[in-house]
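*Asks:*
Numbering (this note's numbering), first residue to last: 47 to 471.
1. Identify every residue that forms a DSSP beta bridge with residue 176.
2. Is it buried or exposed for residue 228, if we count other Cβ within 10 angstroms and need 16 for buried?
3. Give every residue of the same chain whose Cβ lies closer than 8 Å to the Cβ of residue 218, excluding the five residues on either side of it in the sequence, and list them in chain order.
4. By DSSP's criteria, residue 371 is part of a beta bridge. Which residues make up the other side?
5. By how many angstroms is the C-alpha of residue 316 removed from the C-alpha of residue 447?
6. For a quick check, are the C-beta atoms of residue 293 and residue 429 less than 8 Å apart?
7. Report the rounded CA-to-CA distance for residue 369 versus residue 187, giving the unit in angstroms.
8. Just tell me which of 422, 329 and 408 has its CA closest to the CA of residue 414.
9. Can you find at least 3 beta carbon pairs, one from the stretch 443-457 and one from the stretch 278-286, that sit closer than 8 Å?
10. Determine, using beta carbons only, whether residue 239 and residue 208 come nearer to each other than 8 Å.
11. Helix, strand or coil for residue 210 per DSSP?
12. Would you say the stretch 168-181 touches the stretch 332-342, given that touching needs at least three Cβ pairs under 8 Å?
13. Between which two residues does the alpha helix (DSSP H) containing residue 330 stretch?
14. Quick one: is residue 197 buried, meaning 16 or more other Cβ sit within 10 Å of its Cβ, or exposed?
15. Would you tell me roughly how many angstroms separate the C-alpha atoms of residue 261 and residue 274, rounded to the nearest one?
16. Under 8 Å between the Cβ atoms of residue 373 and residue 384?
17. Pick helix, strand or coil for residue 8, following the three-state DSSP scheme.
18. Under the three-state reduction of DSSP, which class applies to residue 188: helix, strand or coil?
19. Quick one: what's got a C-beta closer than 7 Å to residue 310's C-beta in the same chain, skipping five residues either side?
20. With DSSP collapsed to three states, give me the class of residue 155.
21. Name the one or two DSSP bridge partners that residue 30 has.
22. What number of angstroms, rounded off, separates the C-alpha of residue 172 from the C-alpha of residue 418?
23. Could you give the distance in angstroms between the alpha-carbon of residue 193 and the alpha-carbon of residue 420?
24. What residue range is occupied by the uninterrupted alpha helix (DSSP H) comprising residue 293?
25. Buried or exposed, going by whether 16 or more other CB atoms sit within 10 Å of the CB of residue 169?
26. Give me the Cα-Cα distance between residue 146 and residue 280, rounded to the nearest whole angstrom.
27. Give the secondary structure of residue 149 by DSSP, where H, G and I count as helix, E and B as strand, and everything else as coil.
28. Thinking C-alpha only, which one of 320, 189, 191 and 236 is nearest residue 206?
29. Any idea if residue 319 is buried or exposed, counting beta-carbon neighbours within 10 angstroms, 16 or more meaning buried?
30. So, at 8 Å on beta carbons, what are the nonlocal neighbours of residue 392 in its own chain, with the 5 sequence-adjacent residues on each side left out?
31. Quick one: Cα of residue 195 to Cα of residue 225, how far?
32. Sort 301, 357 and 337 by Cα distance to residue 346 and report the nearest one.
33. Looking only at its chain, what residues have a beta carbon closer than 7 Å to the beta carbon of residue 388, apart from the 5 residues adjacent to it on each side?
34. Does residue 204 come out as helix, strand or coil in the three-state DSSP assignment?
35. Around the Cβ of residue 364, are there at least 16 other Cβ atoms within 10 angstroms (buried) or fewer (exposed)?
36. Enumerate in chain order the residues of its own chain whose CB-to-CB distance from residue 409 is below 6 Å, with the five nearest sequence positions on each side excluded.
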């Protein structure tokens with residue numbers, strides 16, 4: 047374990063080793079405990095070794111290129127000024143409390159007649175980044191209910207809402223690349239966008255700061271003129287533990303994506319670069335490989351060409367700075383409460399309306415995946431076996447780091463919004 051653990055290129059096998067030990071000595075609890083403790087010590091030491099080595103290499107490269115430094119990332123927020131530094135948790139929670147103040151929808155009149163109260167929403171106000179199998183379809187249900195309710199109660203007849211998904215691959219490519227200009231126009235003119243695709247493509251749909259302000263307008267003036275697109279949309283995303291998300295994805299698309307192939311064999315085909323006989327869908331494959339990190343990276347470089355530390359740095363930066371708030375699938379009730387507090391128009395109930403908008407449960411796994419004999423159902427367990435579990439973790443190391451940070455961020459948000467009484471040690 048120590049030998050393999052200290053080889054940086056062997057990190058995919060580290061989790062597999064600990065699972066192997068548990069299987070080999072399952073009947074001897076004393077030996078199992080001792081070996082597991084030793085194995086985890088080795089894995090921890092290897093992590094510190096690799097981290098220190100990576101840090102030293104990065105520092106050396108930074109010193110050499112300081113005079114001719116180039117920007118690798120095109121980020122979604124202004125990164126010219128340093129991030130605020132916080133001495134302790136209390137300061138950070140105070141910062142989040144200000145960031146999470148209630149956000150209302152901006153409107154502007156669509157008629158010059160005073161007796162005509164019709165209004166429209168300012169473009170580019172709210173974005174929901176949807177990762178497949180994280181509860182995003184349920185979030186969209188809440189969003190659509192809130193939009194319908196707003197139309198009835200606040201006389202906002204013109205609420206431009208758009209939904210774009212990369213899982214409809216051909217349609218998405220046509221929209222993104224300009225082959226369907228009407229699609230891009232509708233997205234650019236929308237006030238509320240449900241976006242199931244990578245952030246790195248967002249600029250092509252006009253939802254970037256530089257594209258949101260007319261050249262003849264100063265930014266300060268644009269911020270006060272709600273007939274112009276909003277230069278800083280409020281964004282929300284919901285994240286899920288990578289193992290649970292991927293297993294749910296596999297159960298959901300067992301046949302259409304993976305041709306009824308066991309997930310452990312799917313990963314073997316991916317490693318061998320031999321997936322063409324199973325699927326021609328790139329999206330089906332990327333769903334299994336650090337998908338949440340991929341969606342949250344805003345660099346214009348190809349995802350697979352960037353080193354891991356740059357990918358996770360970019361994704362974590364966007365979580366903390368681009369998104370107004372994040373939610374967790376495992377904490378969906380608190381996520382719904384949080385959304386209602388930060389965005390009052392999406393609360394379960396609002397003054398002046400009898401319509402209740404609760405978080406629905408949608409997009410469950412099919413009752414018949416047609417992967418059994420004669421197109422019957424292949425009954426899959428609720429959780430993967432140990433071998434499959436190890437493969438998922440090995441191929442989603444970035445998502446594991448991302449999720450750990452997201453859990454911490456979510457907890458701080460709960461404290462800032464008084465949804466939690468105290469910070470748990």
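By construction, the Cβ of each residue, glycine as well, lies at the ideal position given by its N, Cα and C atoms.
*Replies:* So, to answer that:
1. Translated into the one-based positions of the chain shown, residue 176 becomes position 130. Residue pairing by DSSP places residue 176 opposite no residue, since no beta bridge is assigned to it.
2. Here residue 228 refers to the residue found at position 182 when the chain shown is read from its first residue. With fewer than 16 Cβ atoms within 10 Å of its Cβ, residue 228 is classed as exposed.
3. Here residue 218 refers to the residue found at position 172 when the chain shown is read from its first residue. Excluding positions up to five away in sequence, the list reads 210, 211, 212 and 243.
4. The residue given as residue 371 occupies position 325 in the chain shown. Paired residues: 282.
5. Numbered from its first residue, the chain shown carries residue 447 at position 401. Numbered from its first residue, the chain shown carries residue 316 at position 270. So the alpha carbons of these two residues sit roughly 22 Å apart.
6. The sequence position of residue 293 within the chain shown is 247, counting from 1. The sequence position of residue 429 within the chain shown is 383, counting from 1. Closer than 8 Å, so yes.
7. Position 323 of the chain shown, counted from the start, is the residue given in the question as residue 369. Position 141 of the chain shown, counted from the start, is the residue given in the question as residue 187. Spanning the two alpha carbons is a distance of roughly 20 Å.
8. As a first step, residue 414 is located in the chain shown; it is residue number 368 there, counting from the start. Comparing alpha-carbon positions, the option among 422, 329 and 408 lying closest to residue 414 turns out to be 422.
9. Enough Cβ pairs lie closer than 8 Å, so yes.
10. In the chain shown, counting from the first residue as 1, residue 239 sits at position 193. In the chain shown, counting from the first residue as 1, residue 208 sits at position 162. Cβ atoms of residue 239 and residue 208: closer than 8 Å.
11. Walking along the chain shown from the start, residue 210 turns up at place 164. Residue 210 carries a strand assignment under DSSP once its states are collapsed to helix, strand and coil.
12. Short answer: they touch.
13. As a first step, residue 330 must be located in the chain shown, where it is residue number 284. From DSSP, the alpha helix (DSSP H) with residue 330 extends over 328-332.
14. Here residue 197 corresponds to residue number 151 of the chain shown, with the count starting at 1. By the neighbour-count rule (16 or more Cβ atoms within 10 Å), residue 197 is not buried but exposed.
15. What you label residue 261 is simply residue 215 of the chain shown in a count that begins at 1. What you label residue 274 is simply residue 228 of the chain shown in a count that begins at 1. Low confidence applies here, because residue 261 scores a pLDDT of 44, under 50, leaving its location unreliable; read the following figure in that light. Roughly 11 Å separates the two Cα atoms.
16. As a first step, residue 373 is located in the chain shown; it is residue number 327 there, counting from the start. As a first step, residue 384 is located in the chain shown; it is residue number 338 there, counting from the start. Remark: C-beta atoms of residue 373 and residue 384 approach each other more closely than 8 Å.
17. Not covered by the structure: residue 8. The range shown for the chain is 47 to 471.
18. Residue mapping note: residue 188 aligns to position 142 of the chain shown, counting from 1. When secondary structure is reduced to three states using DSSP, residue 188 falls in the helix class.
19. Walking along the chain shown from the start, residue 310 turns up at place 264. Take residue 310, set aside five residues on each side of it, and the residues of its chain with a beta-carbon closer than 7 Å to its own are 433, 434 and 437, in chain order.
20. Sequence index remark: in the chain shown, residue 155 carries index 109 (1-based). In the three-state DSSP reduction, residue 155 falls in the strand class (E or B).
21. Outside the displayed span of the chain (47 to 471) sits residue 30, for which this structure offers no information.
22. In the chain shown, counting from the first residue as 1, residue 172 sits at position 126. In the chain shown, counting from the first residue as 1, residue 418 sits at position 372. Answer to the nearest angstrom: the Cα atoms are 43 Å apart.
23. Within the chain shown, the letter at position 147 stands for residue 193. Within the chain shown, the letter at position 374 stands for residue 420. Between the alpha carbons of residue 193 and residue 420 lies a distance of about 44 Å.
24. For this step, residue 293 is matched to residue 247 along the chain shown. Per DSSP, residue 293 belongs to the alpha helix (DSSP H) from 288-298.
25. Stepping through the chain shown from its first residue, residue 169 is reached at position 123. Under a 10 Å Cβ-count criterion, residue 169 is classified as buried, with 16 or more other Cβ atoms of the shown protein chains found around its own Cβ.
26. One-based indexing of the chain shown puts residue 146 at position 100. One-based indexing of the chain shown puts residue 280 at position 234. Approximately 10 Å between the Cα atoms of the pair.
27. Position 103 of the chain shown, counting from 1, holds the residue named residue 149. Residue 149 carries a coil assignment under DSSP once its states are collapsed to helix, strand and coil.
28. Looking up residue 206 in the chain shown gives position 160. It is 236 whose Cα lies nearest to the Cα of residue 206.
29. Stepping through the chain shown from its first residue, residue 319 is reached at position 273. Under a 10 Å Cβ-count criterion, residue 319 is classified as exposed, with fewer than 16 other Cβ atoms of the shown protein chains found around its own Cβ.
30. If you number the chain shown from 1, residue 392 lands on position 346. Answer for residue 392: 188, 189, 192, 385, 386 and 403, listed in chain order.
31. Counting from 1 along the chain shown, the entry for residue 195 is found at position 149. Counting from 1 along the chain shown, the entry for residue 225 is found at position 179. Their Cα atoms are separated by approximately 34 Å.
32. Locating residue 346 in the chain shown gives position 300, where the first residue counts as 1. For residue 346, the nearest C-alpha among the options comes from 357.
33. Within the chain shown, numbered from 1, the residue matching residue 388 stands at position 342. Around residue 388, the same chain offers 146, 148, 149, 370 and 371 as residues with beta carbons nearer than 7 Å, after the five sequence neighbours per side are excluded.
34. In the chain shown, the residue the question calls residue 204 occupies position 158. Here residue 204 sits in strand by DSSP.
35. Numbered from 1 along the chain shown, position 318 holds the residue referred to as residue 364. Counting C-beta atoms within 10 angstroms of its own C-beta, residue 364 has 16 or more neighbours from the protein chains shown and is therefore classed as buried.
36. Within the chain shown, residue 409 is the residue found at index 363, counting from 1. If we look at residue 409 and ignore the five residues flanking it on each side, its Cβ neighbours are 183.
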